[in-house]
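Since the structure comes first, as structure tokens, the remarks are kept for the end.
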Amino acid sequence: MANIKSKYSFEICEEHDIDCKGYDAIVFVSSNDHEIRNEKLRKSTSEYLKLDPTLKSEIGILPLTGFTTEKLVYAPTGPLDVDYDDVRSLKETAIKGIQRALKAGVKRPLVVLEEHAKFPKSELVTLLGILEGLYVPIQVRELAPENLPTIEKLGIYTSNKDKTSSLVQQALILDRGLCVARDIGWGDPERMAPPKVQEYVQNILSNSSVKVDVISDINVLTKEYPLFEAVNRAASVVERHRGRIIYLEYNPPDPSTVQETIFLVGKGVTYDTGGADVKAGGIMAGMSRDKCGAAAVAGFMHIVDLLKPEHVRVVAGMSMVRNSIGSNCYVADELIKARSGALVRIGNTDAEGRMVMADVLCRMKELALDAINPHLFTVATLTGHAYLTVGPGYSVVMDNGPAKCAGTSRRLYDAGEVFADPFEISTIRREDLQFHRGIARGDDVMQCNNNPSSRTPRGHQGPAGFLLLSSGLDKHGSGNEKPLKYSHLDIAGSAGDFPKPATGAPILALANAFLLS
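My numbering numbers the first residue of the sequence shown as 22 and each following residue consecutively.
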């Protein structure tokens, strides 16, 4: 764990005494339905809570009596509805609490964690919130680190000293993956252009258990990934914007222990102008976040490397591209033969996300045919329709037939619920495939209509139908000789809209579902 701690700019210590020396404030996240278990802390705060009722819902900085540390940052969640609130309330309050401590000049906070009866992972999720609140965006770290307050030391105390070390280790491993996703997702269109993402990923995963393979040759991309290269065409004339397909692969040391093989494809559009169907009217701003699917895939693979699970093999593809506009850009009406052999008619250049993933998904399909218990995923900030359907903070999962039979959507839903990384479940229906079948003579697939997804019926399920048809996965359904499980994850609602923080979703749900359970 010392190696993981060294990745932080501050010292991290597990403490077994709540009254230990070396800290200038205690940070405590509380909820109205939870009585403080530590008797000394409870006695020290009870009079203040009686004196000031606003402390039930507002963060307060209180003097501590009887403690070596003289200051308490008391962060209440406010009232929690037993039917509708979830563990995110603790995480959100932890973020606000530690940031309030920073504003108060705290340099050495001691975070006191207590179990919450309703939330089995409450301590872990609260600590992840603390760490998220301390995250500094990559370009601020590089260009102006003095612009954000930092700490010197972070202490962590739990009531059960036997589990403190393992709790902290798990939190740090998960946070490192989230930090990778935030770095890539938060980086601007130049700092995290495709070649820069390649450089960042290779640096993070150097000397690791994850093999990195990068495809950048235009001739290879044109021949083997023609849908990807169509999107890359305009950007390819600018060297610093040229696309990359980054493959990441983890194999356990003993292949005989593998019980499941996970294939991930992440959408990594470093900036989306819309292409020839340009995003006009001020809706282009924030499109540097269109790479958060690939960012999450990279973060997940970093966690895989740190955990080194024996039961799972993981293969991931990051489709890194800039959807630029110019004389070399692809346009509607083009007919392109996909890697799968399907003839795809272009309907809208602003539907580039599905394009850059389809050929990579086809490649994963080819590998999956010989893999142990394979499951394929696409992860993308794909549609505004998903955002409108479920709202901010939620990912959407939808299964093909074999994945639905395996209960994958529910597996992710349950895994995300306890880790404050929630999913909502949608269903792929016959209309979603019918909508994308070719219309013109000889066409196999229609890429998109020329309306935004938000004005298209079933606007977030349809792209899953396109990905099935264009990759050839439609030929591996439940009734076929070799069925393959496939789930599409639309994270448009959960990735974090600029200028708000990039979240790293759905890393925690994926990790809990496939690595930790």
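Think of the CB as a built atom: it goes at the ideal place given N, C-alpha and C, for glycine as much as any other residue.
These numbers come from a predicted model, not from an experiment.
Which of the three DSSP states, helix, strand or coil, is assigned to Lys232?
The answer is strand: DSSP assigns Lys232 an E or B state.
Look at the Cβ atom of Ser361, then the Cβ atom of Ala526, and state whether they are nearer than 8 Å.
Cβ atoms of Ser361 and Ala526: not closer than 8 Å.
Here's the rule: buried if 16 or more other CB atoms are within 10 angstroms of the residue's CB, otherwise exposed. What is Pro74?
Exposed: under 16 other Cβ atoms inside 10 Å.
Going by CA-CA distance only, name the one from Asp234, Ala214, Lys300, Tyr292 that's closest to Glu260.
Closest by alpha carbon: Ala214.
Take the Cβ of Ser492 as the centre, count every other Cβ of all protein chains shown within 10 Å, and call the residue buried at 16 or more, exposed below.
By the 10 Å Cβ count, Ser492 comes out buried.
Starting from Ala96 and walking both ways along the beta strand (DSSP E), at which residues does that stretch end?
Start and end: 92 to 97.
Less than 8 Å between C-beta atoms, sequence neighbours within five positions excluded: which residues of the same chain meet that for Leu248?
Cβ within range, chain order: Ile357, Ala359, Arg360, Val365, Met376, Val377, Ala379, Asp380, Ser491.
Comparing alpha-carbon positions, which option in Asp45, Leu93, Glu79 lies nearest Lys13?
The question about residue 13 has no answer, for the chain in this structure spans 22 to 538.
Can you tell me whether Ile324 is buried or exposed? The criterion is at least 16 other CB atoms within 10 Å of its CB, across all chains shown.
That one is buried.
Check whether the Cβ atoms of Tyr44 and Pro130 sit closer than 8 Å, and answer yes or no.
Yes, Cβ-Cβ distance for Tyr44 and Pro130 is below 8 Å.
Hey, out of Val400, Asn253, Lys244, whose CA is closest to Phe444's CA?
Of the listed residues, the one whose Cα sits closest to Phe444 is Val400.
On the DSSP bridge list, what partners appear for Phe88?
According to DSSP, which records beta bridges pairwise, Phe88 is partnered with nothing at all.
Give me the DSSP bridge partner(s) of Val336.
Glu270, Phe284.
Taking the alpha helix (DSSP H) that Asp326 belongs to, which residues open and close that run?
Where Asp326 is concerned, the enclosing alpha helix (DSSP H) stretches over 313 to 328.
Assign Pro247 to one of three DSSP states: helix, strand, or coil.
Note: Pro247 maps to helix in three-state DSSP.
Between Ile346 and the rest of its own chain, which residues show a CB-CB distance below 8 Å, the 5 nearest in sequence each way excluded?
If we look at Ile346 and ignore the five residues flanking it on each side, its Cβ neighbours are Ala255, Thr294, Gly295, Gly296, Ala297, Val299.
On the DSSP bridge list, what partners appear for Phe444?
Paired residue(s): Ser416.
CA-CA distance, Arg479 and Met308?
Those two C-alpha atoms are separated by around 23 Å.
Leaving aside the five residues before and after Ile194 along the sequence, list all residues of the same chain whose C-beta is less than 7 Å from its C-beta, in chain order.
Only Ile25, Ile324, Leu327, Leu328 meet the Cβ criterion.
Quick one: give me the first and last residue of the alpha helix (DSSP H) that Arg366 is part of.
From DSSP, Arg366 is part of no alpha helix (DSSP H) but of the beta strand (DSSP E) over 364 to 366.
State buried or exposed for Lys288, treating a residue as buried only when at least 16 other CB atoms are found within 10 Å of its CB.
Label assigned to Lys288: buried.
Output the distance between the C-alpha atoms of Asp464 and Ala251, rounded to the nearest integer angstrom.
Looking at the two C-alpha atoms, the distance is approximately 17 Å.
Can we count Gly500 as close to the ligand PLP, meaning its CB is less than 7 Å from some heavy atom?
This structure simply doesn't include the ligand PLP, nor any ligand for that matter.
Under three-state DSSP, which class holds Asp371?
In this structure, Asp371 counts as coil in the three-state DSSP scheme.
So, with DSSP's three-state summary, where would you put Asp380?
In this structure, Asp380 counts as helix in the three-state DSSP scheme.
Among Val235, Thr282, Lys521, Ile57, which one has its Cα closest to the Cα of Arg10?
Within the shown structure, residues of the chain are numbered from 22 to 538, placing residue 10 beyond reach of any answer.
DSSP beta-bridge partners for His11?
With the chain covering 22 to 538 only, the question about residue 11 has no answer from this structure.
With 16 other CB atoms within 10 Å as the buried threshold, where does Asp585 fall?
No answer is possible for residue 585: the residues shown for the chain start at 22 and end at 538.
Taking Cβ to Cβ, would you say Pro97 is nearer than 8 Å to Lys124?
Taking 8 Å as the Cβ cut-off, Pro97 and Lys124 do not qualify as a contacting pair.
Could you spell out the range, first to last residue, of the beta strand (DSSP E) harbouring Glu452?
Note, Glu452: premise wrong, no beta strand (DSSP E); alpha helix (DSSP H) at 451 to 455.
Could you tell me which of Phe140, Thr86, Val411 sits nearest to Lys64, measuring between CA atoms?
Here the closest residue by C-alpha is Thr86.
Helix, strand or coil for Ser508, going by three-state DSSP, please let me know.
In this structure, Ser508 counts as strand in the three-state DSSP scheme.
Just reading off the alpha helix (DSSP H) that Ile172 is part of, what are its end residues?
From DSSP, Ile172 is part of no alpha helix (DSSP H); its letter is neither H nor E.
Closer than 6 Å by C-beta to Phe88: which residues in its own chain qualify, once you throw out the five before and the five after it? Chain order, please.
Cβ within range, chain order: Asp40.
Between Asp511 and Thr404, how many whole angstroms is the CB-CB distance? I'm expecting something under 8 Å.
So it is a contact: roughly 6 Å between Cβ atoms.
Is the distance from the Cβ of Val231 to the Cβ of Gln223 below 8 Å?
Not a contact, by the Cβ cut-off of 8 Å.
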